[in-house]
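A.B. asks: Quick one: the structure is below, and I'll ask about it shortly.
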Amino acid sequence: MSIIMEPRDIEPAVSFATPLPWMTFLSEATIRAALATQAYRSGVVRLVDPDLSGCTHLVATRHGLFATDGCDLRRVAHGFFYGITVRDDAIYVFEAGDWPRSPTRRGRIVRFRRVGERIAAVDVLATGLDNGCHQIDLIDDRLCVLDTYHQRVLRFAVDGGVPETLCPIGPARDGDWAGGYVHVNSLIAYDDAILLLLHNGADRTGRASEIARLTRDWRLVDRTPLDGLGCHNLALLENGAVLTCGSFAGDLVATDGLKVPVCDMMTRGLSVDAGGIVVGGSAFADRAVRDTAGGALVFLDRAYRPLGRIAVPGPVTEVRRIDGQDRSLSPYLADLTKTKSA
């Protein structure tokens with residue numbers, strides 16, 4: 010594996026005498042996909058800026074990995090990113106080497122090692138994954154990857170290797186909603202439970218999203234409907250309620266009945282800490298062009314009052330605290346449990 014320092018922005022290499030809007034879109038999209046594929050094949054991680062000083066959160070998008078201090082964005086790496094998880098000085102991310110719906114299996118897990126406020130080392134831990142994998146998290150010392158379109162969980166050792174494959178919801182073909190496909194997109198573990206978020210494709214099925222509760226050995230216990238459609242993300246609040254993004258309505262919903270409007274975008278990406286909440290937004294768009302649309306970060310206080318909003322050059326897929334002290338991260342919740350029982 011190698012690291013290459015990239016310029017912050019890439020200009021399209023294709024031009025037309027009289028460019029039309031769809032031509033510009035096509036050239037930029039094609040170039041970005043080609044560069045992602047080249048990086049995957051060569052084992053390169055396209056790091057732009059290893060300096061995370063002053064930043065509190067990492068933001069994954071289909072237009073790159075960013076860090077933010079709440080006012081501005083700093084590009085960390087080029088690529089198509091989704092899941093992020095953090096434990097101690099290690100940051101794990103899922104990166105696709107092609108468009109998410111492409112069948113080329115160029116997904117990989119990248120680990121960044123921090124020393125202080127800088128990224129000091131980068132490793133590629135796993136390759137050959139589906140490009141459409143969603144959230145990742147560390148549960149019981151295993152790196153768990155949601156292979157969403159194949160309705161399964163891949164469990165790796167923390168240093169990679171051959172994964173164990175789990176199907177706690179049961180197998181189903183991508184998009185076969187009548188046959189049991191639920192589009193599992195998020196996971197979290199706390200106490201004696203593992204939770205999975207079932208999107209349920211309301212735009213096709215009319216069904217609300219659900220939370221599936223599992224035992225710690227990944228056996229299904231029950232499924233509970235949410236008051237939201239097309240939901241993403243899970244965070245455990247101090248009162249025991251679970252907070253999620255009611256994506257289709259641009260809001261936040263919780264299992265205790267809370268419902269809060271956030272923005273005029275599809276909410277996806279959620280970070281909760283003692284002082285505030287950060288929610289990702291993605292422009293509402295047809296799935297075929299959604300990954301080329303714009304996004305935003307919305308900052309709230311713990312009373313869900315808006316504090317600010319910044320534009321993001323791409324749809325947000327994930328938001329996590331850099332220090333890992335985030336109620337959407339299983340390692341942090343495990344640490345809280347240990348502290349309470351000590």
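Take 10 as the starting number for the sequence shown in the numbering used here and just add one per residue.
Beta carbons: idealized from backbone N, C-alpha and C, even for Gly.
1. Can you tell me which of L207, G63, R96 and E104 puts its alpha carbon nearest to the alpha carbon of G73?
2. Distance check for A263 and N248, CA to CA, integer angstroms please.
3. Between D282 and the rest of its own chain, which residues show a CB-CB distance below 7 Å, the 5 nearest in sequence each way excluded?
4. Looking only at its own chain, which residues have a Cβ that is under 7 Å from the Cβ of T157, when we skip the five neighbours before and after it?
5. Can you tell me whether S62 is buried or exposed? The criterion is at least 16 other CB atoms within 10 Å of its CB, across all chains shown.
6. Between the beta-carbon of V206 and the beta-carbon of L243, is there less than 8 Å?
7. Just to confirm, is the Cβ distance from L196 to D139 under 8 Å?
8. In terms of alpha-carbon separation, which member of T346, W108 and H66 lies closest to T94?
9. Where R71 and D107 are concerned, what is the direct C-alpha to C-alpha distance, given to the nearest angstrom?
10. Closer than 8 Å by C-beta to Y190: which residues in its own chain qualify, once you throw out the five before and the five after it? Chain order, please.
11. Does E173 pass the burial test, meaning 16 or more other C-beta atoms within 10 Å, or should it be called exposed?
12. Need the endpoints of the alpha helix (DSSP H) that D344 sits in, please.
13. Identify every residue that forms a DSSP beta bridge with S291.
14. Kindly list the residues whose CB is nearer than 6 Å to the CB of D265, restricted to its own chain and excluding five residues on each side of it in sequence; keep chain order.
15. Which residues share a DSSP beta bridge with T233?
16. Rank R41, A166, G284 and D212 by C-alpha distance to the C-alpha of Y375 and give the top, closest one.
17. Under three-state DSSP, which class holds A283?
18. So the candidates are F90, W227 and R127; which of them puts its Cα closest to the Cα of I148?
19. Leaving out five residues before and five after E219 in sequence, what residues of the same chain have Cβ atoms less than 7 Å from its Cβ?
20. Helix, strand or coil: how does DSSP classify A129 here?
21. Along the chain, where does the alpha helix (DSSP H) that runs through D212 open and close?
22. Answer yes or no: do R123 and D98 have a C-beta to C-beta separation smaller than 8 Å?
23. Taking T94 as part of the beta strand (DSSP E), name the residues at either end of that continuous run.
24. With the cut-off set at 8 Å, would you say V328 and L279 are in Cβ contact?
25. With a Cβ-Cβ cutoff of 8 Å, do T224 and S256 count as a contact?
26. Out of G188, G116 and A187, which one is the CA nearest neighbour of V154?
27. Please go through the same chain and pick out, in chain order, the residues whose beta-carbon is closer than 8 Å to the beta-carbon of T346, but skip the five residues on each side of it.
28. Using alpha carbons as the reference points, say which of D332, G284 and L152 lies closest to Y313.
29. Checking 8 Å against the spacing of the C-beta atoms, do A294 and A305 come in under that value?
30. Helix, strand or coil for S195, going by three-state DSSP, please let me know.
31. Assuming the contact rule is C-beta atoms closer than 8 Å, F90 and A76 should be a hit. Round their C-beta distance to whole Å, please.
32. Which class does G52 belong to by DSSP, given the choice of helix, strand or coil?
33. Quick check: the Cα distance between T136 and S111, rounded to an integer number of angstroms?
C.D. replies: Concretely, from the data shown:
1. Along the sequence shown, one-based indexing puts residue 73 at 64. Ranking L207, G63, R96 and E104 by Cα distance to G73 puts E104 first.
2. As a working note, residue 248 is residue 239 in the sequence shown. As a working note, residue 263 is residue 254 in the sequence shown. Straight-line Cα distance between these residues: approximately 11 Å.
3. Stepping through the sequence shown from its first residue, residue 282 is reached at position 273. Excluding residues within five positions, the ones whose Cβ falls inside 7 Å are R330, Q334, D335 and R336.
4. Residue numbering aside, residue 157 sits at position 148 when the sequence shown is read from its first letter. Answer for T157: G141, C142, H143, H192, V193 and N194, listed in chain order.
5. The residue given as residue 62 occupies position 53 in the sequence shown. Exposed, because fewer than 16 other Cβ atoms sit within 10 Å of the Cβ of S62.
6. Residue 206 sits at position 197 when you count from the first residue of the sequence shown. Residue 243 sits at position 234 when you count from the first residue of the sequence shown. Before going on, a small fix: residue 206 reads as Leu here, not Val. Yes, they are a contact pair.
7. Here the question's residue 196 lines up with position 187 in the sequence shown. Here the question's residue 139 lines up with position 130 in the sequence shown. Not in contact: L196 and D139 (Cβ atoms no closer than 8 Å).
8. Against the sequence shown, residue 94 aligns to sequence position 85. The residue with the shortest Cα to Cα distance from T94 is H66.
9. In the sequence shown, the residue the question calls residue 71 occupies position 62. In the sequence shown, the residue the question calls residue 107 occupies position 98. Cα to Cα, the separation comes out at about 10 Å.
10. For the purposes of this step, residue 190 is taken as residue 181 along the sequence shown, with counting starting at 1. For Y190, where only same-chain residues beyond five positions count, the Cβ hits under 8 Å are Q160, A181, R182, D183, G184 and G210.
11. Residue numbering aside, residue 173 sits at position 164 when the sequence shown is read from its first letter. Under this definition E173 is an exposed residue.
12. Taking the first residue of the sequence shown as 1, we reach residue 344 at position 335. Element bounds for D344: S339 to S350.
13. Numbered from 1 along the sequence shown, position 282 holds the residue referred to as residue 291. Paired residues: M275 and G304.
14. Residue 265 sits at position 256 when you count from the first residue of the sequence shown. Here the set comprises A250.
15. Taking the sequence shown and counting its residues from 1, the one referred to as residue 233 is at position 224. BP columns for T233 point to I220.
16. In the structure displayed, the chain extends from 10 to 351; residue 375 sits before or after that span and is not available.
17. Along the sequence shown, read from residue 1 onward, the residue named residue 283 stands at position 274. Reduced to three states, the DSSP call for A283 is coil.
18. Counting from 1 along the sequence shown, the entry for residue 148 is found at position 139. Ranking the options by Cα distance to I148, first place goes to W227.
19. One-based indexing of the sequence shown puts residue 219 at position 210. Hits under 7 Å: L207, N209, R232, T233, P234 and L235.
20. On the sequence shown, residue 129 is found 120 positions in, with the first residue counted as 1. In this structure, A129 counts as strand in the three-state DSSP scheme.
21. The residue you call residue 212 lines up with position 203 of the sequence shown. It spans A211 to T214 - the alpha helix (DSSP H) in which D212 sits, taken as one unbroken run.
22. Residue mapping note: residue 123 aligns to position 114 of the sequence shown, counting from 1. Residue mapping note: residue 98 aligns to position 89 of the sequence shown, counting from 1. Contact: yes.
23. The residue labelled residue 94 in the question sits at position 85 within the sequence shown. Where T94 is concerned, the enclosing beta strand (DSSP E) stretches over F89 to R96.
24. Residue 328 sits at position 319 when you count from the first residue of the sequence shown. Residue 279 sits at position 270 when you count from the first residue of the sequence shown. Yes. Within cutoff.
25. Your numbering for residue 224 matches position 215 in the sequence shown. Your numbering for residue 256 matches position 247 in the sequence shown. Contact flag unset, no.
26. Along the sequence shown, read from residue 1 onward, the residue named residue 154 stands at position 145. When only C-alpha atoms are compared, the closest one is G116.
27. As a first step, residue 346 is located in the sequence shown; it is residue number 337 there, counting from the start. For T346, where only same-chain residues beyond five positions count, the Cβ hits under 8 Å are Y199 and D200.
28. The count along the sequence shown starts at 1 and reaches residue 313 at position 304. Nearest of D332, G284 and L152 to Y313, Cα basis: G284.
29. The residue given as residue 294 occupies position 285 in the sequence shown. The residue given as residue 305 occupies position 296 in the sequence shown. No.
30. Here the question's residue 195 lines up with position 186 in the sequence shown. Strand, per DSSP.
31. Against the sequence shown, residue 90 aligns to sequence position 81. Against the sequence shown, residue 76 aligns to sequence position 67. Actually they do not touch by this definition, with Cβ atoms about 12 Å apart.
32. Against the sequence shown, residue 52 aligns to sequence position 43. Coil at G52, not helix or strand.
33. Stepping through the sequence shown from its first residue, residue 136 is reached at position 127. Stepping through the sequence shown from its first residue, residue 111 is reached at position 102. Roughly 15 Å between the two C-alpha positions.
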